[in-house]
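Visitor: My questions all concern the structure below.
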């Protein structure tokens, strides 16, 4: 049992290490996220102008509010989001500000979801807290200047974030599995595009074009691809390379959904992006391996290979200093 | 990723609800409005659920004075170039089916709720 546990721990360490990102790139991501939250804030104030009768909070913490909060409270919430986003951008009290930003975004979203429908933006709200754990405040931050420690990112925290994202995507795939998307006779994607077309033929740039495709095989493959793209990540997350590939596949899918159904999921880029903030050496593994190979075969000048000493000079004159030795000494 | 919902039937039919409303006046032609127009300012995903809940069968919800004031205000704001006061809001749900091959909507009758403004 002990051996099994230590084996599992080693495996987690190995996967976590493969998820480790470049702290500077992560810091740039932090700044971009903070600016996005500042410049394109989600509007949490509109509920304040609606009649109380419209308020119907879903099961959960929003039920603590039996009325729509007054407009000034919602304005204060919006202001607090802006303030924490500013702190996150500057990297000041980054960890506390990031957690506060997550809490404020969840409360704000809860307000706007209390009119009958829960939306799927929870992952965006969780990004600041998750990335604070990964270490997005370590570099290019006022905190980093004050502390002066070497910036490091936690691969394990990003691995955990991957599991959260993969599970969230699985929760989108599972209801589809249960409601006919697998059935070869039922064309689900075709149905939703046709519905959008019936509502408004030009609702999205490619809605009407898609309706010209008359191939059951094409539509069914699209359904199955959707299920696969959303569902397999719960397994792929344990293989960082595959997981990144899965996220790239899914990104093309989000673009497709936008172009055919007009559903804008661009916020999801903030959920996926951290997985691609790899150190430069990991971006081009083949190129790096090739460079190492070339370096290992390159002859090294003799005078650089040997220390400048009598012993070395005698070794050289005796013809014992070979290229192989030179390579080994470097 | 949105969860969407159930797949269409194997015969290619897919249920579809069309929502619209007509604002009536004492001495002007009615004006047709969509959920997007009536609930302008709402988050887009909250429009249809609120439409169904707030404008549905009065048995589901007692519209109070504040809600009625809000509806009157919206109806007036949507009465562009009409001087008379809105009198009624006739809310319509067409529960129909579409044919997924061509997006054709099957004819269906409108289920109506009338709200005195």
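Protein chains in written order, with the numbering used here: chain A, 12 to 341; chain B, 949 to 1065.
Heads up, the beta-carbon is just placed ideally off N, CA and C, and yes, glycines get one too.
Do we get a CB-CB distance below 8 Å when we pair residue 978 of chain B with the residues of chain A?
Guide: no
Visitor: Say whether chain A places a C-beta atom closer than 8 Å to the C-beta of residue 1002 of chain B.
Guide: yes
Visitor: State yes or no: is the beta carbon of residue 1014 of chain B nearer than 8 Å to at least one beta carbon in chain A?
Guide: yes
Visitor: Against residue 1048 of chain B, what residues of chain A qualify as contacts under a CB-to-CB distance less than 7 Å, listed in chain order?
Guide: 198, 201, 202, 205
Visitor: Below 8 Å between beta carbons: does that hold for residue 67 of chain A and residue 86 of chain A?
Guide: Cβ atoms of residue 67 of chain A and residue 86 of chain A: not closer than 8 Å.
Visitor: Does the distance from the C-beta atom of residue 114 of chain A to that of residue 48 of chain A stay below 8 Å?
Guide: no
Visitor: Counting pairs of Cβ atoms below 8 Å between the stretch 30–40 of chain A and the stretch 175–183 of chain A, do you hit three or more?
Guide: no
Visitor: Which word fits residue 1048 of chain B, buried or exposed, when buried means at least 16 other C-beta atoms lie within 10 angstroms of its C-beta?
Guide: Looking at its Cβ environment, which holds 16 or more other Cβ atoms inside 10 Å, residue 1048 of chain B is buried.
Visitor: In chain order, which continuous runs of the alpha helix (DSSP H) of length 4 or greater are located wholly inside the stretch 50–125 of chain A?
Guide: 82–101, 105–123
Visitor: Quick check: what's the CA-CA separation for residue 1057 of chain B versus residue 1044 of chain B?
Guide: Going by the C-alpha atoms only, they are around 8 Å apart.
Visitor: With H, G and I counted as helix, E and B as strand and the rest as coil, what does DSSP make of residue 1037 of chain B?
Guide: Collapsing the DSSP output to three states places residue 1037 of chain B in a strand.
Visitor: Let me see if you follow: with CB-CB separation under 8 Å, is residue 28 of chain A close to chain B or not?
Guide: no
Visitor: What separation, rounded to the nearest whole angstrom, lies between the Cα atoms of residue 979 of chain B and residue 53 of chain A?
Guide: 32 Å
Visitor: Chain B beta carbons: is any one of them nearer than 8 Å to that of residue 211 of chain A?
Guide: So no, residue 211 of chain A is outside the interface.
Visitor: Just to confirm my understanding: we take residue 141 of chain A, look at its own chain, exclude 5 residues before and 5 after, and list those with CB closer than 6 Å. What are they?
Guide: For residue 141 of chain A, the CB contacts under 6 Å within the same chain, skipping 5 residues up- and downstream, are 172 in chain order.
Visitor: Which residues bound the beta strand (DSSP E) around residue 32 of chain A?
Guide: Segment: none, residue 32 of chain A is in no beta strand (DSSP E) and carries neither H nor E.
Visitor: Below 8 Å, can you find three or more Cβ-Cβ pairs linking the stretch 140–155 of chain A to the stretch 99–110 of chain A?
Guide: yes
Visitor: Could you list which residues in chain A have their beta carbon closer than 9 Å to that of residue 1020 of chain B, in chain order?
Guide: Result: empty, since nearest Cβ-Cβ is about 11 Å, beyond 9 Å.
Visitor: Could one say the Cβ of residue 956 of chain B lies closer than 8 Å to chain E's Cβ atoms, at least one of them?
Guide: Looking at the structure shown, chain E is missing, and the protein chains on hand are A and B.
Visitor: Go to residue 1062 of chain B, then tell me how far its beta strand (DSSP E) extends in each direction, as first and last residue.
Guide: 1058–1064
Visitor: Using 8 Å as the cut-off, can you tell me whether the stretch 244–261 of chain A makes contact with the stretch 122–135 of chain A, which would need three or more C-beta pairs spanning the two stretches below that distance?
Guide: Too few Cβ pairs lie closer than 8 Å, so no.
Visitor: For a contact meaning CB atoms closer than 7 Å, what does residue 1011 of chain B contact in chain A?
Guide: 64
Visitor: Among B:1016, B:966, B:1024, which has the Cα closest to the Cα of residue 62 of chain A?
Guide: It is B:1016.
Visitor: Out of A:230, A:184, A:182, which has the shortest C-alpha to C-alpha gap to residue 204 of chain A?
Guide: A:230
Visitor: Is it buried or exposed for residue 987 of chain B, if we count other Cβ within 10 angstroms and need 16 for buried?
Guide: buried
Visitor: Do you know offhand how far residue 201 of chain A's Cα is from residue 222 of chain A's?
Guide: 8 Å
Visitor: How is the alpha helix (DSSP H) around residue 1002 of chain B delimited, first residue to last?
Guide: 995–1003
Visitor: So with CB distances below 9 Å, who are the chain A contacts of residue 1053 of chain B?
Guide: 209
Visitor: At a Cβ threshold of 8 Å, is residue 231 of chain A touching chain B?
Guide: Chain B contact via Cβ: absent.
Visitor: Of the residues that make up the stretch 139–157 of chain A, which ones have a beta carbon closer than 7 Å to any beta carbon in chain B?
Guide: none
Visitor: Check this for me: beta carbons of residue 60 of chain A and residue 88 of chain A, under 8 Å apart or not?
Guide: no
Visitor: List the whole-angstrom C-beta distance separating residue 124 of chain A from residue 69 of chain A, where the pair is believed to meet the contact cut-off of C-beta under 8 Å.
Guide: 6 Å
Visitor: Can you find a CB in chain A that lies within less than 8 Å of the CB of residue 985 of chain B?
Guide: no
Visitor: Using a beta-carbon distance cut-off of less than 7 Å, what residues from the stretch 109–132 of chain A approach chain B?
Guide: Here the close residues are 123, 126, 127, 128, 130, 131.
Visitor: Count the CB pairs spanning the stretch 18–29 of chain A and the stretch 158–169 of chain A that are closer than 8 Å, and state whether there are at least three.
Guide: yes
Visitor: Is there contact between the stretch 281–289 of chain A and the stretch 253–262 of chain A, where contact requires at least three CB pairs shorter than 8 Å?
Guide: yes
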